[in-house]
Amino acid sequence: MNPAFLPPQSNGVLKALLEKPLKLSVHQDEGQCRLPFFTLTFTISMCFVRNCVYKLDDKYWARRRKNNMAAKRSRDARRLKENQIAIRAGFLEKENGALRQEVSELRKELGRCKNILTKYESQHGPL
1 MNPAFLPPQS NGVLKALLEK PLKLSVHQDE GQCRLPFFTL TFTISMCFVR NCVYKLDDKY
61 WARRRKNNMA AKRSRDARRL KENQIAIRAG FLEKENGALR QEVSELRKEL GRCKNILTKY
121 ESQHGPL
């Protein structure tokens, strides 16, 4: 790296970068951004100031761990909810089958009662 682009001190570097927008000149062959007193190195998801890499890296991995745990909790909660829904659906299907059978039996009984009533009315007249 060119020493002319190294920061004089790392204190407040990130604050300065965040407070006012700066124009970057990107050199693709070097994989770096050049600023008046800073050299930023690109990674997959962040730019790091040379002397603050470790702090940002720790923060990044702490956020990743926290996000991974939250994603796992979310997946587990979704899986639990899906299992509860499947159990409830099975119970409701059984209950639905039993109720359909009960309706069928009640319709048969209603048909028998109508036959008995029809026979009675044919012998004794309408009620």
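Be aware that the sequence shown starts at 1, since it is given in UniProt numbering, and climbs by one per residue.
Note that CB positions come from ideal geometry on N, CA and C, so glycine has one too.
- If you draw a straight line from the Cα of proline 126 to the Cα of lysine 119, it is about 10 Å long.
- A straight-line Cα-Cα distance of about 10 Å links lysine 59 and arginine 65.
- In this structure, the CA atom of alanine 77 is about 48 Å from the CA atom of leucine 110.
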